[in-house]
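Scroll down for the structure; my scribbles are underneath it.
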Amino acid sequence: MSTIGGDQLGSPGTQVNLGSGAPVIPKDITARSWIVADAESGDVLAAHNAHWRLPRRAP
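Going by the UniProt record's numbering, the sequence shown opens with residue 1, and the numbers climb by one from there.
Quick look at the structure:
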């Protein structure tokens, strides 16, 4: 079975594919899971625990 976004996104922790000149990812991000993608190409630029299952928040 393949992972949506490729094998790298299936890995835990922070995964980054930043191009030259891209800013450094801040160290003080507190979210347990996040993803940043290029709005035009859809390419994933960085992610952290992208496929973690998180509990639903109460409304």
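Heads up, the beta-carbon is just placed ideally off N, CA and C, and yes, glycines get one too.
Cα-Cα separation between residue i and residue j, rounded to whole angstroms
i, j, result
"Thr14", "Ala37", "14 Å"
"Gly19", "Gly42", "15 Å"
Where residue i falls, given that 16 or more other Cβ within 10 Å makes a residue buried
i, result
"Ala50", "buried"
"residue 100", "With the chain running from 1 to 59 in the structure shown, residue 100 is simply not present."
Of the residues the options, the one placed nearest residue i, counting alpha carbons only
i, options, result
"Asp54", "Ala39, Gly42, Asp43 and Trp34", "Rather than Asp, the amino acid found at residue 54 in this sequence is Leu. The shortest C-alpha separation from Leu54 is found at Trp34."
"Val16", "Arg32, Ile29, Ala31 and Val44", "Val44"
"Pro23", "Arg56, Gln8 and Ala46", "Ala46"
Span of the beta strand (DSSP E) around residue i
i, result
"Ala47", "Val44 to His48"
"Gln8", "Gln8 -> no beta strand (DSSP E), and no H or E assigned at all."
Residues that DSSP places opposite residue i in a beta bridge
i, result
"Ala37", "Val44"
"Val24", "Paired residues: none, contrary to the question."
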